[in-house]
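Numbering (our numbering), first residue to last: 45 to 529.
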Amino acid sequence: MSGPTVATSVPTFSNYINGEWVSRGSTFENRNPADTGEIVGLFAKATAQDVEDAAAAAEASLPAWSTMTGPARGNILFKAAEILDRKFEQVAAEMTREEGKTLPEAKGEVRRSINIFRYFAGEGSRMPGMLVPSERDRVHMFAIRKPIGVVGLITPWNFPSAIPAWKLAPALICGNTVVLKPASAAPLSSWRIVEALHEAGIPKGVVNFVAGSGGELGNALVHAKPLKAVSFTGSCQIGNWLHEEASKRRLRIQLEMGGKNPTIVLGDADFNAAVENVVNAAFFSTGQKCTATSRAIVEEPIYDKFLAALVERTKKLKVGDGMQPGIDIGPCVDQAQMDTVLKYIDIGRKEAGAPKVGGNRIAGKGYFVEPTIFADVTQDMTIAREEIFGPVLAVMRAKNFEDAMGIANNIPFGLSSSIQTTNLSRVFEYVYRMEAGLLTVNLPSAGVEYQLPFGGAKESSFGPKEQGPAALEFYSDYKTVYLKY
Ligand code: NAP
């Protein structure tokens, strides 16, 4: 069976196991959150047995794939990037339709996935090891990288192409074989990557794709016998459960999870740029970025003026179907996510009073919620402590820089953060003292590139970082050699 098959006008997308498009049993719907009447596609619902088959296929393909030369593996990744590039417009439009982000944002993400594949394809020709002088005469000592084996990849819906890409590409270039389980809310974007790898000639079994229930497939994957490692991005709740299960089996594990990211705005900031940066980081992609700003911590002397400017700028944002030109913000990804956002807005009303702007669902065919700002939020409030993952911003008052740093760090999470200031000393103090994995200065807290390590600190993350040269640390191990000549 090949995929996709088109029955009536809705295409059906198969799973990909051992180089075959496999579709047995039932399907589930992938709906457009901007127009819930539109089904973007039907996906074959994989079972626990499919996961086992996929893991077995990955194990069987490991010897040949892991001994292929790095540049040869790289050539397949380059080819897949090329194929994705040829379908660029289509793949980006599909992402907007399945996830809801605006078309320009989707294009940016697909471009990033293509770049990620090219970057790691090149890594196949480098694959840095270590070579150091020995203390002993005529001893040559060095360390080479080796793959770790079959890797399970579990990904969220909010970056449905880039996150699968930044796990798949380094995993494959290091010589591992994989089973990918994408989020059910947006599986098509990663399906396109797997399709590109298939068309690029990746040997059968090296990449496997299983879509369906996270609970059933996640459980089957983490207990699949051949599995040696799991890389997960998603909520803390699922990540912490996976951590426990994976630890029992001594699997290598990498977790990237939630955040409650602060942007500190000091009195000396470039005022207008800071307003733009906070609005961008809080509301673009509907606030559904793990790196989105959900707490704006503003220094007392400019607090009132800054809050007023934020509210005015936010009122100008256009919410709607991301396929339409001029739209700034799309819908929440699904009903459950929208309900969560509305629940937190209710909590915010009780804790902080009426929002200064927004606070309501927008009637229509999609899961649209107004960008919402609560003012005078204090550290003890739920809306200042829990991840909402939607277009809701808590604005908090800080007496001075010290107070702002204290508020920013007083949280169990440590994913991203930002400071808006023109004071160089404050910038460096922030860089050294901020407890987060990702820091930005005079930029939005969201918007990262692929060439440097990515990942959080504290309870937001566990294990080695993703992306950039650091990605190799999770997906490969060292073999150390002492050689007398
Ligand atoms: P999620 O509900 O935790 O789901 C993530 C993935 O886990 C999905 O593929 C899901 O499948 C699967 N899953 C569900 N139950 C599972 C189980 N019992 N065992 C194994 N896998 C299971 O997260 P989400 O709603 O997709 O994504 C939003 C969250 O991701 C936010 O908390 C956000 O901060 C975080 N995130 C973090 C980063 C980062 O780099 N730190 C980046 C992006 C997002 P189903 O879809 O089928 O349920």
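The beta carbon of each residue, even a glycine, is placed where N, CA and C say it ideally should be.
Any non-hydrogen atom of the ligand NAP within 7 Å of residue i CB
i    : result
S228 : yes
E142 : no
F433 : yes
P488 : no
E300 : yes
P77  : no
F203 : yes
D394 : In the sequence as displayed, the identity of residue 394 is Lys instead of Asp. K394 Cβ: outside cutoff for every heavy atom of the ligand NAP.
G278 : yes
C334 : yes
G262 : yes
L496 : no
T384 : no
W109 : no
I282 : yes
T524 : no
P208 : no
S234 : no
W285 : yes
K225 : yes
I373 : no
P306 : no
P214 : no
T91  : no
I237 : no
T199 : yes
G500 : yes
L459 : yes
S504 : yes
Residue span of the beta strand (DSSP E) that contains residue i, given as start and end
i    : result
T71  : 71-76
L197 : 194-198
Y163 : Taken as a continuous stretch (DSSP letters only), Y163 belongs to no beta strand (DSSP E), being part of the alpha helix (DSSP H) at 147-167.
N252 : 251-253
N305 : 305-309
L299 : 296-300
V274 : 271-277
K564 : Residue numbering for the chain in the displayed model covers 45 to 529; residue 564 lies beyond these limits and cannot be assessed.
M185 : 183-191
Y476 : No beta strand (DSSP E) contains Y476, which is instead part of the alpha helix (DSSP H) from 468-477.
V322 : Premise fails: V322 lies in the alpha helix (DSSP H), 315-327, not in any beta strand (DSSP E).
K225 : 221-225
L482 : 482-485
M425 : Segment: none, M425 is in no beta strand (DSSP E) and carries neither H nor E.
L175 : 174-177
Q464 : 460-464
Residue from the options with nearest C-alpha to residue i
i    : options                : result
E343 : D521, A442, Y494, G283 : A442
Q332 : N202, P399, E446       : N202
I389 : K190, A353, S505, L437 : L437
E356 : I341, A325, E320       : E320
F412 : G491, S110, G403, A229 : G403
P497 : A490, L487, L482       : L482
Y347 : K269, A428, A264, M440 : M440
G152 : L106, G196, V135       : V135
M171 : Y163, P177, S178       : Y163
R339 : I432, Y494, I217       : I432
Continuous alpha helix (DSSP H) stretch holding residue i: start and end
i    : result
T335 : Here T335 belongs to no alpha helix (DSSP H), and DSSP marks it neither H nor E.
S233 : 232-243
I282 : 280-292
I217 : 206-217
M139 : 132-143
L516 : 515-519
L265 : 258-267
At least 3 beta-carbon pairs within less than 8 Å: the segment 139-149 vs the segment 175-182: When C-beta atoms of the segment 139-149 are compared with those of the segment 175-182, fewer than three pairs fall below 8 Å, so the two segments do not count as touching.
Please give me, in chain order, every unbroken run of the beta strand (DSSP E) with length at least 3 that falls completely inside the segment 54-115. Counting only runs that start and end inside the segment 54-115, the beta strand (DSSP E) elements of at least 3 residues fall at 54-57, 59-61, 64-66, 71-76, 79-88.
What ranges does the beta strand (DSSP E) occupy inside the segment 383-423, keeping only unbroken runs of at least 3 residues that lie completely in it? Whole beta strand (DSSP E) segments, 3+ residues: 416-418.
Can you list the alpha helix (DSSP H) stretches of 4 or more residues lying completely in the segment 338-380, in chain order? The qualifying runs are 347-359.
Is the number of C-beta pairs between the segment 113-133 and the segment 228-243 that are closer than 8 Å three or more? Judged by Cβ distances under 8 Å, the segment 113-133 makes contact with the segment 228-243, as three or more pairs qualify.
So, do the segment 406-421 and the segment 302-319 have three or more beta carbon pairs nearer to each other than 8 Å? Taking 8 Å as the limit for Cβ pairs, the verdict is that the segment 302-319 does not touch the segment 406-421.
Check whether the segment 281-300 and the segment 447-456 are in contact - that is, three or more C-beta pairs closer than 8 Å. Between the segment 281-300 and the segment 447-456, the count of C-beta pairs closer than 8 Å stays below three; the two stretches do not touch.
Given 8 Å, three or more beta-carbon pairs between the segment 278-295 and the segment 110-124: Contact between the segment 278-295 and the segment 110-124 is absent, because fewer than three Cβ pairs lie under 8 Å.
Do three or more CB pairs link the segment 475-492 to the segment 268-286 at distances below 8 Å? As far as the Cβ criterion goes, the segment 475-492 does not touch the segment 268-286, which means the pair count is below three.
Under 8 Å: do the segment 509-524 and the segment 465-473 share three or more Cβ pairs, one atom per stretch? The segment 509-524 makes no contact with the segment 465-473, as fewer than three CB pairs between them are under 8 Å.
Below 8 Å, how does it come out for the segment 250-270 and the segment 54-66: are there three or more Cβ pairs, yes or no? Yes: at least three Cβ pairs fall under 8 Å.
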